[in-house]
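Taking it in order: structure first as structure tokens, then the write-up.
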Amino acid sequence: KQEVTQIPAALSVPEGENLVLNCSFTDSAIYNLQWFRQDPGKGLTSLLLIQSSQREQTSGRLNASLDKSSGRSTLYIAASQPGDSATYLCAVRHGGANSKLTFGKGITLSVRP
Amino acid sequence: DAGITQSPRHKVTETGTPVTLRCHQTENHRYMYWYRQDPGHGLRLIHYSYGVKDTDKGEVSDGYSVSRSKTEDFLLTLESATSSQTSVYFCATEMVLGGQGFDGELFFGEGSRLTVL
Chain A
11 KQEVTQIPAA LSVPEGENLV LNCSFTDSAI YNLQWFRQDP GKGLTSLLLI
61 QSSQREQTSG RLNASLDKSS GRSTLYIAAS QPGDSATYLC AVRHGGANSK
111 LTFGKGITLS VRP
Chain B
1018 DAGITQSPRH KVTETGTPVT LRCHQTENHR YMYWYRQDPG HGLRLIHYSY
1068 GVKDTDKGEV SDGYSVSRSK TEDFLLTLES ATSSQTSVYF CATEMVLGGQ
1118 GFDGELFFGE GSRLTVL
């Protein structure tokens, strides 16, 4: 059974800092990995989708990398801002018929002004 | 933004009553999902649909049923609500890449907060 782990559960950084959020998974046979952002009381917003054949994806100040062999993905946020404060979740689409996403429990990020 | 609307957004009901949550999408995505989100458990899949009238169970499907009579609507029904079904329910749709399905990007609605007393 695929397990997705995000550690630490919470992180607080000063504004302007570059930071890395980690996501690890136990089964490397994946189709893709998706990073989401969730603001309190809101739904999930898709940030980046990395296919299994890709090593990284970039969108603005965000860069996500994928290392299937080691079962890891990282979300890099450059020059963090208070508006980046949210919970960040990763989700892995594992292989097999009718495959579905397995979510991590998320990392709650607080960016201090 | 996949144009996903969930209704109702908030509902309080009593144990034993039936409840239906509706998910409506405007993007003509073939695949749709219902998740619940609970503290300590994260997001868990309840049911999903891979086309009109084609549905299947997720990991926490007991006590729930779904129906999809049109591409744009996916209904989640709690036949007899219990307190353990108090949760935030999210609908998601999938923008399929390459036409194969189950490898695309998921988009989520704003959620429906259900409280069962």
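Chains as they are written, first to last, in my numbering: chain A, 11 to 123; chain B, 1018 to 1134.
Glycine residues also receive a C-beta, built at the ideal position from the N, C-alpha and C atoms.
None of the values given here were measured: they were computed from a predicted structure.
Only exposed fits ASN28 of chain A, as fewer than 16 other CB atoms lie within 10 angstroms of its CB. Chain-order list of chain B residues neighbouring PHE113 of chain A: GLY1059 and LEU1060, by C-beta distance under 7 Å.
Interface with chain B (7 Å Cβ-Cβ cutoff): SER56 of chain A is included. Straight-line spacing of the CA atoms in ARG1026 of chain B and GLU1044 of chain B works out to 20 Å. Boundaries of the beta strand (DSSP E) around ILE60 of chain A: 54-61. If you check each beta-carbon in the region 52-78 of chain A against every beta-carbon of chain B, the ones closer than 7 Å belong to LYS52, GLY53, LEU54, SER56 and LEU59. TYR41 of chain A is not a Cβ neighbour of ARG82 of chain A, given a cutoff of 7 Å.
Per DSSP, the continuous beta strand (DSSP E) segment holding ARG1061 of chain B begins and ends at 1059-1068. Taking all protein chains in view, the Cβ of ILE1063 of chain B is crowded by 16 or more other Cβ atoms within 10 Å, so the residue is classified as buried. Taking C-alpha positions only, PRO1035 of chain B is separated from SER1104 of chain B by approximately 15 Å. C-alpha of THR84 of chain A to C-alpha of GLU66 of chain A: approximately 9 Å in a straight line.
The criterion of a C-beta distance shorter than 7 Å is satisfied by ILE117 of chain A and LEU21 of chain A.
The beta carbon of LYS11 of chain A does not come within 7 Å of any beta carbon belonging to chain B, so the residue lies off that interface. Within chain B, the residues placing a beta-carbon under 9 Å from that of GLN44 of chain A are GLU1122 and LEU1123, ordered along the chain.
LEU76 of chain A is bridged by DSSP to A:SER83. Here LEU54 of chain A is actually not in contact with LEU111 of chain A; their C-beta atoms are around 11 Å apart, not less than 8 Å.
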